[in-house]
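Protein chains in written order, with this note's numbering: chain E, 1 to 116; chain A, 117 to 223. All C-beta atoms in this analysis are idealised placements derived from N, C-alpha and C, irrespective of residue type, glycine included. These notes concern the structure reproduced below.
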């Protein structure tokens with residue numbers, strides 16, 4: 001069964017450093033997303049991406065964040081200068097229109113980012 | 117924005133018991149999904165259920181869109197059912213998650 005994959009599974013970085021989190025969405029999907037989950041809290045939306053551009057972003061997704069689809073398979077999230085409060089689990093998701101017109105989202109296993 | 121509330125926040129069961137988890141949402145939605153977050157943090161898709169009833173083994177879900185709620189039923193619970201259960205509703209290009217129900221099943 002096709003699945004979303006993410007690398008690395010765990011990333012430790014120092015405050016102020018840049019990190020790039022990588023995702024390979026399901027191959028025939030058209031919509032891509034990043035979410036994050038701070039430890040013990042609910043999952044929060046960061047950004048959605050369709051047709052090579054951002055379609056929606058949350059207030060969390062400020063100028064320190066960027067997304068890119070550098071080729072036909074990868075989808076990346078870059079944090080330019082990490083802060084302690086960026087420590088969280090980051091999930092990538094993808095979806096495509098279904099028969100009923102809905103968009104079931106499938107999530108990757110997550111990257112746990114620890115900023116020290 | 118849309119508010120998503122889940123109840124109960126915590127649930128402790130003995131193996132074999134049945135349970136019902138509830139998700140209320142504050143506005144009309146296009147999509148509703150249930151997830152199980154396992155102890156390793158992975159989000160496992162359980163149901164995509166904007167309306168109606170679906171069953172998958174010991175789990176079933178019902179969404180009554182007109183009344184803005186969804187229910188997840190777990191029958192004959194097993195220790196492997198432990199974890200956090202999230203419902204999430206779709207609102208314009210994104211999923212909005214509830215705060216989850218933490219389920220612990222003891223042998």
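- For residue 212/A, the neighbours in chain E by C-beta distance under 8 Å run, in chain order, 45.
- Under the three-pair Cβ rule at 8 Å, the stretch 138-151 of chain A counts as touching the stretch 200-213 of chain A.
- In this chain, the beta strand (DSSP E) harbouring residue 168/A covers 168-172.
- DSSP, read as helix, strand or coil, puts residue 133/A in coil.
- Its chain contains 198 and 199 as the residues whose beta carbon lies nearer than 8 Å to that of residue 155/A, once the 5 sequence neighbours on both sides are disregarded; these appear in chain order.
- At a beta-carbon threshold of 7 Å, none of the residues of chain E lie near residue 188/A; the nearest stands roughly 16 Å away.
- Taking 8 Å as the upper bound on Cβ-Cβ separation, chain A lies near no residue of the stretch 65-87 of chain E.
- Using a Cβ distance threshold of 8 Å, residue 149/A and residue 219/A do not count as a contacting pair.
- Linking residue 92/E to residue 22/E through their CA atoms gives a straight-line distance of about 9 Å.
- Short of 7 Å from the beta carbon of residue 14/E, and not among the five residues preceding or following it, lie these beta carbons of its own chain, in chain order: 116.
- At a cut-off of 8 Å between beta-carbon atoms, residue 17/E makes no contact with chain A.
- Taking C-beta atoms as the reference points, residue 69/E and residue 61/E fail to come closer than 8 Å.
- Beta-bridge partners of residue 183/A (DSSP): none assigned.
- By the criterion of at least three beta-carbon pairs nearer than 8 Å, the stretch 179-187 of chain A is in contact with the stretch 130-142 of chain A.
- Of all alpha-carbon atoms in 213/A, 223/A, 217/A and 221/A, the one lying nearest the alpha-carbon of residue 45/E is that of 213/A.
- For the stretch 118-133 of chain A, no residue has a beta-carbon sitting nearer than 7 Å to a beta-carbon of chain E.
- From the beta-carbon of residue 48/E, the residues of chain A found nearer than 8 Å are 209 and 210.
- Interface residue (Cβ-Cβ distance to chain A less than 8 Å): residue 90/E is not classified as such.
- Distance from the Cα of residue 9/E is smallest, within the candidate group 222/A, 158/A and 170/A, for 158/A.
- Close CB contacts of residue 124/A within its chain, under the 7 Å cut and outside five residues either way in sequence, are with 217 (chain order).
- Separation of the CB atoms of residue 5/E and residue 72/E is rounded to 15 Å, and the pair is thereby denied contact status at 8 Å.
- One Cα belongs to residue 175/A, the other to residue 192/A, and the distance between them is close to 9 Å.
- Boundaries of the beta strand (DSSP E) around residue 78/E: 75-79.
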